[in-house]
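Residue numbers (our numbering), protein chains in the order written: chain Y, 1 to 417; chain G, 418 to 834; chain W, 835 to 965; chain P, 966 to 1096. Heads up, the beta-carbon is just placed ideally off N, CA and C, and yes, glycines get one too.
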Amino acid sequence: MPSESFGGALDVVGLRSDFPALQQEHHPGVPLVYLDNAATTQKPNVVIEAMSDYYRRYNANVHRGIHKLSEEATAAYENARVVLKRFINAASKREIIFTRGTTEGINLVAQTWGRTSLNAGDVVLLTEMEHHSNIVPWQMLAAERRLRLRYTPLRTDGALDMDAFRRLLQEEPVKLVGFMFVSNVLGTVNPAQEMIRLAHEAGAVVVVDAAQAVPHQSIDVQALDCDFLVFSGHKMLGPTGSGVLYGKRALLEAMPPWMGGGDMISRVGFERSEWNELPYKFEAGTPSIAEAIGLGAAVEYLNRVTMAAIHHYEQEIIAYALERLSEVPGLHLVTPEHTPHGAVATFTLQGIHAHDVAQVLDAHGIAIRAGHHCAMPLHERLGLNATARASFYFYNTLEEVDRLVAGIYAAKQTFSV
Amino acid sequence: MPSESFGGALDVVGLRSDFPALQQEHHPGVPLVYLDNAATTQKPNVVIEAMSDYYRRYNANVHRGIHKLSEEATAAYENARVVLKRFINAASKREIIFTRGTTEGINLVAQTWGRTSLNAGDVVLLTEMEHHSNIVPWQMLAAERRLRLRYTPLRTDGALDMDAFRRLLQEEPVKLVGFMFVSNVLGTVNPAQEMIRLAHEAGAVVVVDAAQAVPHQSIDVQALDCDFLVFSGHKMLGPTGSGVLYGKRALLEAMPPWMGGGDMISRVGFERSEWNELPYKFEAGTPSIAEAIGLGAAVEYLNRVTMAAIHHYEQEIIAYALERLSEVPGLHLVTPEHTPHGAVATFTLQGIHAHDVAQVLDAHGIAIRAGHHCAMPLHERLGLNATARASFYFYNTLEEVDRLVAGIYAAKQTFSV
Amino acid sequence: MDDMYRELILDHAKNPRNHGVLEPCDVEYEAHNPLCGDRLHLTLRVDPTGRITAIGWEGDGCAISQASASMLGEEILGKTVDEIRTMSKDTLLEMLGIPLSPNRLKCALLSLEVLKIGLYGREAWRETEDE
Amino acid sequence: MDDMYRELILDHAKNPRNHGVLEPCDVEYEAHNPLCGDRLHLTLRVDPTGRITAIGWEGDGCAISQASASMLGEEILGKTVDEIRTMSKDTLLEMLGIPLSPNRLKCALLSLEVLKIGLYGREAWRETEDE
Ligand SMILES: Cc1ncc(COP(=O)(O)O)c(C=O)c1O
Ligand SMILES: Cc1ncc(COP(=O)(O)O)c(C=O)c1O
């Protein structure tokens, strides 16, 4: 555990020792190089321990119990909410809804706010680079409500075409703007603040998919002024089954609930029921208690490392990775080299399918991802079927970049290209 | 860990040593008596360890990864599905949908099957003893679709009025029958098999809330012939954030998806998408991987103890508890004394509010629950505001029943009643 | 935790002061604690100078919530609406003088919530929320 | 795992046998592997006795899925639709002769899936599912 907060440079070697999964050999004698962090990150001991401690010592259901275990579980669960609230600087802890992850957060917004606010002919403006989780929920709603979906196109350099965005906002009234803060394929960091401002000027409500942003940079939802922002705990050191939907209080208050059940009601009668106050209105049933506690522990760990130091270090490592990769003959970088961008390096290799690249790298102890990364429309737009992606977190090292590059040369050798 | 399977009698002392939370003192010198098992159960070491092992050794996202960690995570996640499939004897592992718990399972059915199959004027038949999670989702759908909700009443002995059930099925066409297998307040075990048969004869689809059944007795969904059956992992030794929706394959195939996102699609285009096959169609986004693995480990533990031995032992302990409680002056048993019933003993005490009973018991190291137990309509029907509930699992002992009774006498003394 | 039930609390719970419903009344409000089903119904009479001249409480709940309502009622009788505005959660908790866990806190504070919302509206109560 | 890419596999992947689309054809089917985006399009000609007389494969995918399609095509050419019915997943995996992890299994079996569904319908493929 980082015993004090880091001003600038990271003690990466020290930090790595907090992560049991990073200590292992992938094959006998071959240490693991984990470069699949955009899919999910590894977990530090403090997170695993926070959950085990709950299960070993004060495991109980929350909110309704009078006994000591339930009191302690409730306090820990609600404390995690406060930790998350501070982490993204929400105005109130009532604006923090615990979810299973980004996907559930967006579906919640689509099926509650969307169902009550969007009507036939209304325009939902997304971008061509979205993850399936910020496309499919809106397509489903569009089919049900006859909405019209529009997509802001990409420029050839992989950035959003902001002129087109402005034009699309003006051409017809847009009710909802949904976009990803940082692309999980291109690494593009979208100008979120400006996009939100423009969307609001045009009268639209804004949902930000911050799954690849919150883990890597400091986020202030009040400064951004977004209406909704969603992210996943498992991509930021937290457990599976954890995530957050942030929503502005006035919007959340006005929305109908999504799931019905225990905890989200204040009274239930045979004929009708009354909803509970925020955030409980949106947390029906027994919540994911250990998961919220684990996510809180993850955020406290990130706070100790400091998001500033993480961001700074990751900019260094991704710059080095892109530089080294661009030197490999036959390697085509899908990730544009312009800045700013997130810590993902996506590429194709002439003559070798991305799956085969990933397979050979795995044989060399290097875990990357291959495929469409849940962004099929983007891949279609780029004219690509599958890509290989190495994604970094603050515990990765420059030496690991070198091992990645060496692995790619080995793949070229296997395939004689 | 029980090293071999138990034929009949349980080695409760031996089993208790598998549960770290049961080893602790609630207050200095006062060992914990945990009698809040209907809310959530404690977890054996094997479950906590199965999850920690995932996080320490092969933490990765599932289904799309080619590297070894992701392969191992996928295999473990899908193996858990097979373990659950066998546990309830589903016909196919594709009929096992992982959820957060019972509440999410019922909401999924209401919002997909319900939205496409129920129309204005259709009748949904529930029972007066339902948990909020099997009432509120149908009320919400009823408000949206103008459905008519009907409730099968209770007899004065706390059993369902089966004559009324038959009459309600015949009076008007019923589209859906939803009922709890075992009541979390009364302990009543409903005649599920017969109810399902009658409902099917009347042409209705049947949803069974088995949250209090699956942890305590052996369940065979094919023998029951139910259309949907839901339960929570955390009430059967598994982690928070875990649960299962079982559905008959043909029904699940015909249903639209609920949440949109990664994994639940086979192709995504800008305009429309195609759904993935079962069970993935209903598991959008990164699933709760550690939770499914933990639930699988819990079921394997239950299998080693054997559900037959658990059921047998629990019948013994609840009979003893009801007998001892019924001897306490001023104690009114809400749980009817007829059999069969589940391992819950719910009561009120003359002159002491249920919260105060729970509070005094807590001071004596005994954790029970007080309130409406998410069954406000039932409490209203019974004319009660709040009740106290002691709920047992196979690791509880007869001595713990004695401590409960002693605690109740202490509460009477404090309140001079 | 048995000291949660000290003499004074038990006395107020068993013999609640100002129990009943005032008809007619100048202020009326009812709230529930959704987690445990506690209910509290408050009626007040306020004279033209803003002084509280009569109080009626009625509800279902545990000893803590009943005693808290009874003690709070005694405390505010004869005070002005303005004087009560400054009364905080801590004032009430000090009056009760017992150790309370977070979930029981809700029982203890239900009376204050009903009073504050009844007098000043929902927003006033919201402001007292921490974070 | 480098032995996943033994000589024979790489040869079939780089020089796929029976590559292309037959027009006209008697059987046609296309399927995707949703997890990785692999796609395989199969066309067959079948003579009146039920014998497969020509094969055309086309698609996108990794070396494993391409080699599997190529090798399976060679194997079934000249066989009858009835003979192919007994061909199992294991038959194909033995032909490939390489160690495969579960996720790569999907790549390897896509060709068999397309063939079986194309010839016998979706139900026939379903039956091969374990549990
Ligand atoms: C009968 C019954 N149904 C449903 C539930 C809700 O389960 P969960 O809170 O895990 O969704 C419970 C437990 O609280 C229950 O006892
Ligand atoms: C940008 C982006 N959005 C959404 C998601 C979906 O997150 P989850 O699978 O945790 O719901 C991901 C990760 O897969 C992502 O990278």
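Going by other Cβ atoms of all chains shown within 10 Å of its Cβ, with 16 needed for buried, is residue i buried or exposed?
i	result
G:Q830	exposed
G:S833	exposed
G:S550	buried
G:V430	exposed
Y:H434	In the structure as shown, chain Y begins at 1 and stops at 417. Residue 434 of chain Y is therefore absent and cannot be evaluated.
P:S1053	exposed
Y:A21	buried
G:N536	exposed
G:V553	buried
Y:H27	exposed
P:V1079	buried
G:G446	exposed
W:A958	exposed
G:G424	Bear in mind that the predicted position of G:G424 carries a pLDDT of just 43, short of 50, making it unreliable; the figure below should be weighed with that in mind. Result: exposed.
P:D1012	exposed
Y:E274	exposed
W:N849	exposed
Y:Y409	exposed
Y:P2	Residue placement at Y:P2 is poorly supported in this model, since its pLDDT is 43, which falls under 50; the coordinates are not used for a value here.
G:S422	Residue placement at G:S422 cannot be trusted, given a pLDDT of 43 that sits under 50; what the coordinates show is reported in the next sentence. It is exposed - the Cβ of G:S422 has fewer than 16 other Cβ atoms within 10 Å.
Y:D478	Outside the displayed range of chain Y (1 to 417) lies residue 478 of chain Y, so it cannot be described from this structure.
Are residue i and residue j closer than 7 Å when you measure CB to CB?
i	j	result
G:S808	G:V751	no
Y:L378	Y:V185	yes
Y:Y77	Y:A297	no
Y:H332	Y:T348	yes
W:H846	W:M905	yes
Y:G285	Y:G261	yes
G:H633	G:C791	no
P:G1002	Y:N385	yes
G:I706	G:N693	no
Y:R324	Y:V405	yes
G:A630	G:V591	no
G:L593	G:A621	yes
Y:I66	W:N937	yes
G:D365	G:R572	Outside the modelled stretch of chain G, which goes from 418 to 834, sits residue 365 of chain G, for which no answer is possible.
G:Q767	G:G747	yes
G:I417	G:I505	Since the first and last residues shown for chain G are 418 and 834, residue 417 of chain G lies out of range.
Y:T102	Y:S232	yes
W:I910	W:A942	no
G:M672	G:D626	no
W:I886	W:K913	yes
Y:T40	Y:H355	no
P:E993	P:T1008	yes
G:I513	G:R498	yes
P:D991	P:R971	no
G:R481	Y:G371	yes
W:G893	W:L869	no
Counting only Cβ-Cβ distances shorter than 8 Å, please list the residues of the region 1048-1074 of chain P near chain Y, keeping chain order. R1069, C1072
If you measure from each CB to the nearest heavy atom of ligand 1 and keep those under 5 Å, what residues do you get, in chain order?
Y:G285, Y:T286, G:G518, G:T519, G:T520, G:H548, G:S550, G:M597, G:N601, G:D626, G:A628, G:Q629, G:S649
- Item | Members of the region 892-918 of chain W near chain G, C-beta cut-off 7 Å | D894, G895, C896, A897
Between the region 472-486 of chain G and chain P, which residues of the former have CB atoms less than 8 Å from a CB of the latter, in chain order?
-> H480, R481, G482, I483, K485
* Asked: Can we say the region 349-366 of chain Y touches the region 234-242 of chain Y, given the rule of at least three CB pairs closer than 8 Å?
  -> no
In chain order, what residues of the region 844-860 of chain W put their CB closer than 9 Å to some CB of chain G?
L844, A847, K848
Contact between the region 467-474 of chain G and the region 46-58 of chain Y (3+ Cβ pairs under 8 Å): yes
Beta carbons nearer than 7 Å to chain W: which residues of the region 264-292 of chain Y have them?
I265, S266, R267, N276
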